[in-house]
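A.B. asks:
In the working numbering, the protein residues as written are -2 to 630.
1. The alpha helix (DSSP H) spanning residue 83 covers which residue range?
2. Going by C-alpha to C-alpha distance, which of 546, 587, 593 sits closest to residue 611?
3. Quick one: measure Cβ to Cβ for residue 420 and residue 402, integer angstroms, because I've assumed they're closer than 8 Å.
4. Is the stretch 435 to 451 in contact with the stretch 463 to 475, if contact means three or more CB pairs nearer than 8 Å?
5. By alpha-carbon positions, which one of 385, 134, 537, 201 ends up nearest to residue 71?
6. DSSP on residue 465, reduced to helix/strand/coil?
7. Report the partner residues of residue 338 according to the DSSP bridge assignment.
8. Can you look up residue 498 in the DSSP assignment and give me helix, strand or coil?
9. Checking the sheet assignment: what are the DSSP bridge partners for residue 145?
10. How is residue 620 classed by DSSP in three states: helix, strand or coil?
11. Just to confirm the assignment, what range does the beta strand (DSSP E) spanning residue 458 have?
12. Is residue 220 a contact residue of the ligand NAD, with contact defined as CB to any heavy atom under 7 Å?
13. Quick one: grab the DSSP three-state call for residue 446.
14. Please work out which residues of its chain come closer than 8 Å, Cβ to Cβ, to residue 196, disregarding the five sequence neighbours upstream and downstream, and give them in chain order.
15. Just checking my contact of residue 481 with residue 214 at CB under 8 Å: how many whole Å lie between their CB atoms?
16. Suppose you measure from the CA of residue 624 to the CA of residue 533; what does that come to, to the nearest Å?
17. Out of 134, 136, 115, point me to the one whose CA is closest to residue 127's CA.
18. Skipping 5 residues on each side, what residues in its chain have a beta carbon closer than 7 Å to that of residue 298?
19. What would DSSP say about residue 203, mapped onto helix, strand or coil?
20. Can you give me the Cβ contacts of residue 357 inside the same chain, cut-off strictly under 8 Å, excluding the 5 residues immediately before and after it?
21. Using a Cβ-Cβ cut-off of 8 Å (strictly less than) and excluding sequence neighbours within five positions of residue -1, which residues of its own chain qualify?
22. Quick one: what's got a C-beta closer than 7 Å to residue 52's C-beta in the same chain, skipping five residues either side?
23. Helix, strand or coil, according to DSSP, for residue 181 in the structure here?
24. Taking Cβ positions, are residue 210 and residue 472 nearer each other than 8 Å?
25. Expressed to the nearest angstrom, what Euclidean distance is found between the alpha-carbon atoms of residue 448 and residue 101?
26. Would you report the Cα separation of residue 227 and residue 567, rounded to the nearest angstrom?
27. Considering only residues of the same chain and omitting the five flanking positions on each side of residue 81, which have a CB-CB separation below 8 Å?
28. Where does the unbroken beta strand (DSSP E) through residue 383 begin, and where does it stop?
29. To test your reading of the DSSP string, which unbroken alpha helix (DSSP H) runs of 4 or more residues are found completely within the stretch 370 to 439?
30. If distances are taken between C-alpha atoms only, which option among 301, 475, 159 comes closest to residue 168?
31. Here's the rule: buried if 16 or more other CB atoms are within 10 angstroms of the residue's CB, otherwise exposed. What is residue 359?
32. By how many angstroms is the C-alpha of residue 176 removed from the C-alpha of residue 341?
33. Output the residue ranges of the beta strand (DSSP E) runs that lie fully inside the stretch 240 to 266 and measure 3 residues or longer, sorted by chain position.
34. Short check: CB of residue 577 to CB of residue 75, under 8 Å?
35. Checking 8 Å against the spacing of the C-beta atoms, do residue 638 and residue 232 come in under that value?
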């Protein structure tokens, strides 16, 4: 950074007035001939000398221009794109709705959605990792826990004695480097098993929840994950009880959702309509509660780094800030909702929310505006939805399976892109999952069916052609948000906020590493014309985008003074900054009084309240500081 301080000194030159010479004498001492005309005023002996006496002198009142200075503005140019921001582009698929069944699992009814992770050493190298073929895990209605090969559907192993109406999760809960299976035993205990089916622990607590849902998160960021159910939080190392939420028995259908919603380093948990901190202390609750089901989704409504929470229940959609402040509440859907999904369904670069509710499938803008609905057959209304970009146009389609059909909907219009009527289900929270389950570079869709129809148990659909865009190879958990469980099954102590990077929930982009912007801003030069309070200070700034995707138009920036605390001076906006480009410099003019006694701070993607527009691959490089104090305050 080049900093130049230019100090202009204003020197006032008073008029020169002669007061020590006798007007009758010249400088040689010779008498001066009085040649003044007779009408000259007697007090002015020479009419050519018009200066009044000193005590009546007229002062020049012309105000001089204030001191000023100038800065040189930086030229636009190119900048290197950070490798971690480049992402992977999804290919365009010309015939995406040409769908085939790749394989069917054992013909045994299943409500348990197919969870996907690497559990077996398929390449024989002694390690279970992402080079191996992913596996599909489910529990049949008869209570059989089954692990299937993702490429063939062949059975690796199975074990009995588990609840077929609960949905578990796959994660490394004991932090030994291997993905585990966490599920509910037929007696209600939570059970953790290793990848081979050996029990790691069984909880003493017994769940009495109606169709329990499980999640895993490292709530206190200590490196040891916790297991979350609808009724308690357990130690992932041994299954011991950590804390219990207060459960409202009038809301039978729900599931836990963890996340660091306020970005304070510890995760919070949503259970029913209540948000708890990592220790189980109630933080806030929504006054809205569905007497049948109550479901939540975590998303970014206003482009700040903190999450917003959408809640659905009782025929209403409500939106809350991370601290419980209500943003909106509108009548929406019916009183029997299923688990929602969130993604950009219409290509406007902002997410929408979708969910089934009894007799219709609904899609809404986050402000409560209804976009479309489609009739569906699900008397319980409990099935969930998911989303994926099948045609590679960056706009996600919606997947949903009701009692009689498996659908792929166009996200923007509700047009049915694919329908399979061989599916049948009584529906209990399950939804289609998406992953590249055979490591062939193309995504597949996994659905669970029951009721003894043509499709019964696990069915895998794929593209009947060159393949759909490649996806990630895992889908570990019901509250899937891309970043909450790592692809190797490890549980991040401080997961990247999915609502900032992806802004999807129960959905995934066509690639789990899309190109994103990476914005930075710099002081390039400054000058101080005067240290008086109203003195001019000129500041030159320049912004750059080191990411693989353009910034949004407009992108805000904010300039702050650093004193004992940081205070806002001014804000502005920038047009789109292309990937790998730096802008032309621009100038900001402030006064010396506004210049912080500790310097200045400038932040890009900040409108002065901490709110921005861009999800970035690197979020901690948006600030630059100018610590110079040129006037010596």
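Beta carbons: idealized from backbone N, C-alpha and C, even for Gly.
C.D. replies: Looking at the coordinates:
1. If you number the chain shown from 1, residue 83 lands on position 86. Here the alpha helix (DSSP H) through residue 83 covers 80 to 83.
2. Residue mapping note: residue 611 aligns to position 614 of the chain shown, counting from 1. Ranking 546, 587, 593 by Cα distance to residue 611 puts 546 first.
3. Position 423 of the chain shown, counting from 1, holds the residue named residue 420. Position 405 of the chain shown, counting from 1, holds the residue named residue 402. With a Cβ gap of about 6 Å, residue 420 and residue 402 count as contacting.
4. yes
5. On the chain shown, residue 71 is found 74 positions in, with the first residue counted as 1. Nearest of 385, 134, 537, 201 to residue 71, Cα basis: 537.
6. Here residue 465 refers to the residue found at position 468 when the chain shown is read from its first residue. Judged by DSSP in its simplified three-state form, residue 465 adopts coil rather than helix or strand.
7. Numbered from 1 along the chain shown, position 341 holds the residue referred to as residue 338. Answer by DSSP bridge pairing, in chain order: 351.
8. Taking the first residue of the chain shown as position 1, residue 498 is located at position 501. Helix at residue 498.
9. Sequence index remark: in the chain shown, residue 145 carries index 148 (1-based). Paired residue(s): 133, 152.
10. As a first step, residue 620 is located in the chain shown; it is residue number 623 there, counting from the start. Reduced to three states, the DSSP call for residue 620 is strand.
11. On the chain shown, residue 458 is found 461 positions in, with the first residue counted as 1. It spans 454 to 460 - the beta strand (DSSP E) in which residue 458 sits, taken as one unbroken run.
12. With respect to the ligand NAD, the structure shown offers nothing to examine, as it has no ligands at all.
13. In the chain shown, the residue the question calls residue 446 occupies position 449. If DSSP states are grouped into helix, strand and coil, residue 446 belongs with the strands.
14. Locating residue 196 in the chain shown gives position 199, counting from the first residue. The answer, listed in chain order, is 188, 189, 190.
15. The count along the chain shown starts at 1 and reaches residue 481 at position 484. The count along the chain shown starts at 1 and reaches residue 214 at position 217. Cβ atoms of residue 481 and residue 214 come within 8 Å of each other, at about 7 Å.
16. Taking the chain shown and counting its residues from 1, one reaches residue 624 at position 627. Taking the chain shown and counting its residues from 1, one reaches residue 533 at position 536. Going from the Cα of residue 624 to the Cα of residue 533 covers about 18 Å.
17. In the chain shown, residue 127 corresponds to position 130, counting from 1. That would be 115, whose Cα lies nearest to the Cα of residue 127.
18. Taking the first residue of the chain shown as position 1, residue 298 is located at position 301. Cβ within range, chain order: 305, 316, 324, 363.
19. On the chain shown, position 206 is the one that residue 203 refers to. Strand, per DSSP.
20. Within the chain shown, numbered from 1, the residue matching residue 357 stands at position 360. 330, 331, 370, 371, 372, 373, listed in sequence order.
21. By one-based count along the chain shown, residue -1 stands at place 2. Low confidence applies here, because residue -1 scores a pLDDT of 34, under 50, leaving its location unreliable and the question unanswered by this model.
22. The count along the chain shown starts at 1 and reaches residue 52 at position 55. Annotation note: pLDDT 46 at residue 52 (below 50); position unreliable, coordinate value reported separately. Counting only Cβ-Cβ distances below 7 Å, and skipping sequence neighbours, we find nothing.
23. Working through the chain shown from its first residue, we reach residue 181 at position 184. In this structure, residue 181 counts as strand in the three-state DSSP scheme.
24. Within the chain shown, the letter at position 213 stands for residue 210. Within the chain shown, the letter at position 475 stands for residue 472. Not a contact, by the Cβ cut-off of 8 Å.
25. As a first step, residue 448 is located in the chain shown; it is residue number 451 there, counting from the start. As a first step, residue 101 is located in the chain shown; it is residue number 104 there, counting from the start. Approximately 16 Å, taken between the alpha carbons.
26. Taking the first residue of the chain shown as position 1, residue 227 is located at position 230. Taking the first residue of the chain shown as position 1, residue 567 is located at position 570. About 47 Å.
27. One-based indexing of the chain shown puts residue 81 at position 84. So the qualifying residues of the chain are 614, 615.
28. For the purposes of this step, residue 383 is taken as the residue at position 386 of the chain shown. Looking at the DSSP string, the run of the beta strand (DSSP E) that includes residue 383 is 382 to 385.
29. Within the stretch 370 to 439, no complete alpha helix (DSSP H) run reaches 4 residues.
30. Position 171 of the chain shown, counting from 1, holds the residue named residue 168. Measuring from the Cα of residue 168, the nearest candidate turns out to be 475.
31. Locating residue 359 in the chain shown gives position 362, where the first residue counts as 1. The residue in question, residue 359, is buried, as its Cβ has 16 or more Cβ neighbours within 10 Å.
32. For the purposes of this step, residue 341 is taken as residue 344 along the chain shown, with counting starting at 1. For the purposes of this step, residue 176 is taken as residue 179 along the chain shown, with counting starting at 1. One C-alpha to the other measures close to 31 Å.
33. DSSP runs (the beta strand (DSSP E)) wholly in the stretch 240 to 266: 254 to 256.
34. What you label residue 577 is simply residue 580 of the chain shown in a count that begins at 1. What you label residue 75 is simply residue 78 of the chain shown in a count that begins at 1. It is a contact, given that the beta carbons lie within the stated cut-off.
35. Because the chain is modelled from -2 through 630, residue 638 falls outside the range shown and cannot be assessed.
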